[in-house]
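Asker: Structure in structure tokens, see below.
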Amino acid sequence: MGASYRVTVRNGARVERARHDDLRAALGAIEARGRELEKGAQREPAGGTLMRRIEPVRQVVARLEVAGPGRLRGGVDVRGDGSSEAYTGRLRRRLVEQRGGESVYDALRRALSG
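All letters in the sequence shown, in the order written, are residues 35 to 148 by my numbering.
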């Protein structure tokens, strides 16, 4: 039996989990669900009167994570303005910088595959 990759999608209070046999399928599932969530991510700024104002770009509305063998960890945060950021790690997240013309999902693939 091959390695198993777990995909977890946290969207507000909802949590979805799935298993995939290979990293390519797991990252494909993250991209498909992430693009879907980006379209519906329209948040208003939070706070502002008595507490600090938090702009939509600073609000994480959904988090999509992949975990696999060899401590492989990474994912994508979908922001309140519809933008996304890829990261690696779990407790110590490291932002994955996009290279010219690369999507967030391509950057995550590059970081986790190489």
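Glycine included, C-beta positions come from ideal geometry on N, C-alpha and C.
#1: Quick one: residues in its chain with C-beta nearer than 8 Å to the C-beta of R92, no 5 flanking neighbours on either side, listed in chain order?
#2: Please report how far the alpha carbon of R128 lies from the alpha carbon of R105, in whole angstroms.
#3: Would DSSP call S147 helix, strand or coil?
#4: Quick check: is the beta carbon of G104 nearer than 8 Å to any beta carbon in chain C?
#5: Is the beta carbon of A120 sitting closer than 8 Å to the one on A101?
Answerer: Answer, in terms of the structure:
#1: The beta carbon of R92 lies closer than 8 Å to those of R113 and G114 in the same chain, with the five residues before and after it left out.
#2: C-alpha of R128 to C-alpha of R105: approximately 14 Å in a straight line.
#3: In this structure, S147 counts as helix in the three-state DSSP scheme.
#4: Protein chains in the displayed structure number just one, and chain C is not present.
#5: No, these two residues do not count as a Cβ contact at 8 Å.
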